[in-house]
Amino acid sequence: MYKIAVIPGDGTGPEVICQGLKVLAAVSQKYNFKYETKTFDFGAERYLKTAKTLEDKDIQELRQYCAIYLGAIGHPEVKPGILETEILLKLRFSLDQYINLRPVKLYNPKFCPLKDKRPQDIDFVVVRENSEGLYKGMGEFQNKGTKDEVATQISYNTRRGVERCIRYAFQYCRKRNRKKKLTLCGKTNVLTFAWDLWERTFYAVAKDYPDIQADYAHVDAISMWFVKNPEWFDVIVTDNMFGDIITDLGAMIQGGMGIAAGGNINPEGVSMFEPIGGSAPKYTGKNIINPLAAICALGMLLEVIGETGAAQAVESAVIKVVNKKLKSLAAGKMGYSTPEVGDLVVDYLT
Ligand code: IPM
Ligand code: MN
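Following my numbering, the numbering of the sequence shown begins with 695 at its first residue and continues without gaps.
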């Protein structure tokens, strides 16, 4: 019996999570496993009513679950930064989900903005460090509000934090068993403290993985190559900030936010899965948002809890829907409503 915590959250979060749960109900029947869900109302609505974001007792409760399934956090009426730090980042940090795993996979060349790229050309995974770096929130103002104001924002990198992330990436690359190439995405030519530590750790850990090609590229060059030669990549490991940026670019080359999913992973604890597109306020309540990113996130959840067959079935069904049915992956242009796309995935489950 799997206990799954569901946080539909804000904006279009509840609409897409609802479709993911529909797929979960169907796939659990087919693959014969049992689960129960509990829904938590963390998010903007509760915050606007009660000023509560996420309390320590909420975190304690979430620790009891096998996995967390999250829709989106963010609301136009709440100042940017509050819900993000006090809910999303707090979940990631306090549950020590130190890996943010973001697959970039093109399912249908028709939806790729790049010319002449085939599905086999865009198929890589970004392992984003998810607990440190610039996201640590270190820094300060000096002389705030004056003409002499200075703001610093520090990237915090520990050997331990960097090493566990890099080790995970090597292991993931080995298990994935494709090109067997791990690229470190950094900026050693300018950020000479943080990336020196990353680079030294990377090549030290690489010695334990002689079967994996250890490769390095600067983040600016990687951005260029995502567009020019995405087929060069297999697994990429990088820090929190660079990972955030390059995975939005990755989402675009795989067909857009409608299909991009991610997992916040604690390999020893509770992991959390989410579509990476955010709460999309302008599409909220219209039933036109693409639920496939949330459904792909559900697939990742199933994989991580050990329901590999079910995970594969979900991905195969998504691939069929993307190739046989949808006119576009973009909200409002799919040719189907949000619940209809969920139904199509259920229909194609085998
Ligand atoms: C993401 C998002 C978050 C991040 C925001 C909402 C805090 O952009 O999951 O990529 O920066 O990590
Ligand atoms: Mn982001």
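Cβ coordinates follow ideal geometry from the N, Cα and C atoms, glycine included.
Inset, instruction - Go ahead and label residue 1027 buried or exposed: buried means 16 or more other beta carbons lie within 10 angstroms of its beta carbon, across all protein chains shown. - result: With a 10 Å radius around the Cβ and a threshold of 16 neighbouring Cβ atoms, residue 1027 comes out exposed.
Inset, instruction - Would you please state the rounded distance, in angstroms, between the beta carbons of residue 729 and residue 698? I believe it to be under 8 Å. - result: Contact between residue 729 and residue 698 holds, with the beta-carbon distance rounding to 6 Å and staying under 8 Å.
Inset, instruction - Kindly indicate if chain D contains any beta-carbon less than 7 Å away from that of residue 982. - result: Among the chains in the structure shown there is no chain D, since it carries only a single protein chain.
Inset, instruction - Could you pull the start and end residues of the alpha helix (DSSP H) that residue 916 belongs to? - result: 913-922 is the span of the alpha helix (DSSP H), which, as asked, contains residue 916.
Inset, instruction - Note down the Cα distance separating residue 1035 from residue 796, rounded to an integer number of angstroms. - result: The straight-line gap separating the alpha-carbon atoms of residue 1035 and residue 796 is approximately 22 Å.
Legend entry - Environment of the ligand MN in chain order, Cβ to heavy atom below 7 Å: What you get when you keep residues with a C-beta closer than 7 Å to any heavy atom of the ligand MN is 938, 941, 942 and 970.
Inset, instruction - Kindly indicate which three-state DSSP category residue 836 falls into: helix, strand or coil? - result: Looking at residue 836 - three-state DSSP - the assignment turns out to be strand.
Legend entry - the segment 936-943 in contact with the segment 781-798 per 3-pair CB rule at 8 Å: In this structure the segment 936-943 touches the segment 781-798; the number of beta carbon pairs closer than 8 Å is three or more.
Inset, instruction - Answer yes or no: do residue 878 and residue 910 have a C-beta to C-beta separation smaller than 7 Å? - result: Contact flag set, yes.
Inset, instruction - Give the DSSP-derived three-state secondary structure of residue 752 in the structure shown. - result: Here DSSP, grouped into helix, strand and coil, assigns residue 752 to helix.
Inset, instruction - State whether the segment 884-901 contacts the segment 841-859, with contact taken as three or more CB pairs (one from each stretch) at a distance under 8 Å. - result: Under the 8 Å Cβ criterion, the segment 884-901 counts as touching the segment 841-859, having at least three qualifying pairs.
Inset, instruction - Please name the residue or residues paired with residue 968 in a DSSP beta bridge. - result: Listed as beta-bridge partners of residue 968 by DSSP are 956.
Inset, instruction - Please find out if some non-hydrogen atom of the ligand IPM comes closer than 6 Å to the beta-carbon of residue 826. - result: No, the ligand IPM has no heavy atom inside 6 Å of this Cβ.
Legend entry - Reduced DSSP secondary structure (H/G/I, E/B, other) of residue 815: Secondary structure of residue 815 (DSSP, three-state): helix.
Inset, instruction - Determine contact between the segment 990-998 and the segment 945-960, defined as no fewer than three beta-carbon pairs at a distance below 8 Å. - result: Three or more pairs of CB atoms, one per stretch, sit closer than 8 Å, so the segment 990-998 contacts the segment 945-960.
Legend entry - Opening and closing residue of the alpha helix (DSSP H) in which residue 730 lies: Annotation for residue 730: no alpha helix (DSSP H) segment contains it, though the beta strand (DSSP E) segment containing it runs 729-733.
Inset, instruction - Would you kindly report the start and end of the unbroken beta strand (DSSP E) that includes residue 875? - result: That run of the beta strand (DSSP E) goes 875-880.
Inset, instruction - Identify every residue that forms a DSSP beta bridge with residue 795. - result: Paired residue(s): 821 and 957.
Inset, instruction - Pick out whichever of 953, 964 and 900 has its Cα sitting closest to the Cα of residue 802. - result: Residue 953 is the option with its Cα nearest to residue 802.
Inset, instruction - Go ahead and label residue 717 buried or exposed: buried means 16 or more other beta carbons lie within 10 angstroms of its beta carbon, across all protein chains shown. - result: It is buried - the Cβ of residue 717 has at least 16 other Cβ atoms within 10 Å.
Inset, instruction - Taking residue 708 as part of the alpha helix (DSSP H), name the residues at either end of that continuous run. - result: Here the alpha helix (DSSP H) through residue 708 covers 707-724.
Legend entry - Three-state secondary structure assigned by DSSP to residue 975: In the structure shown, residue 975 adopts helical secondary structure according to DSSP, grouped into three states.
Legend entry - Coil, strand or helix - residue 807 by DSSP: Residue 807: coil per DSSP, three-state reduction.
Inset, instruction - Using a threshold of 7 Å, state whether the C-beta atoms of residue 986 and residue 1008 are closer than that. - result: No. Outside cutoff.
Inset, instruction - Determine the contact status of residue 863 and residue 820, defining contact as a CB-CB distance below 7 Å. - result: In this structure, residue 820 does not lie closer than 7 Å to residue 863 by Cβ.
Inset, instruction - Report buried or exposed for residue 927, applying the criterion of at least 16 other Cβ atoms within 10 angstroms of its Cβ. - result: In the assembly as shown, residue 927 is a buried residue. Its beta-carbon has 16 or more other beta-carbons within 10 Å.
Inset, instruction - Go to residue 764, then tell me how far its beta strand (DSSP E) extends in each direction, as first and last residue. - result: DSSP places residue 764 inside the beta strand (DSSP E), whose first and last residues are 761-766.
Legend entry - First through last residue of the beta strand (DSSP E) which encompasses residue 697: Per DSSP, residue 697 belongs to the beta strand (DSSP E) from 696-703.
Inset, instruction - Pick helix, strand or coil for residue 829, following the three-state DSSP scheme. - result: In this structure, residue 829 counts as strand in the three-state DSSP scheme.
Inset, instruction - Starting from residue 741, follow the alpha helix (DSSP H) in both directions and report where the run begins and ends. - result: According to the DSSP assignment, residue 741 belongs to the alpha helix (DSSP H) that extends over 738-744.
Legend entry - Contact set for residue 906: own chain, Cβ-Cβ below 8 Å, skip 5 residues either direction: Once the five neighbours on either side are set aside, the close Cβ partners of residue 906 are 864, 867, 868, 874, 875, 876 and 900.
Inset, instruction - Go through its chain and collect everything with a Cβ distance to residue 760's Cβ below 7 Å, but skip five positions before and after it. - result: Counting only Cβ-Cβ distances below 7 Å, and skipping sequence neighbours, we find 696, 697, 698 and 999.
Legend entry - Beta-bridge pairing of residue 846 - partner residues as DSSP gives them: Note: residue 846 sits in a beta bridge opposite 834.
Inset, instruction - Rank 825, 896, 918 and 745 by C-alpha distance to the C-alpha of residue 772 and give the top, closest one. - result: Selected option, being the one with the closest Cα: 745.
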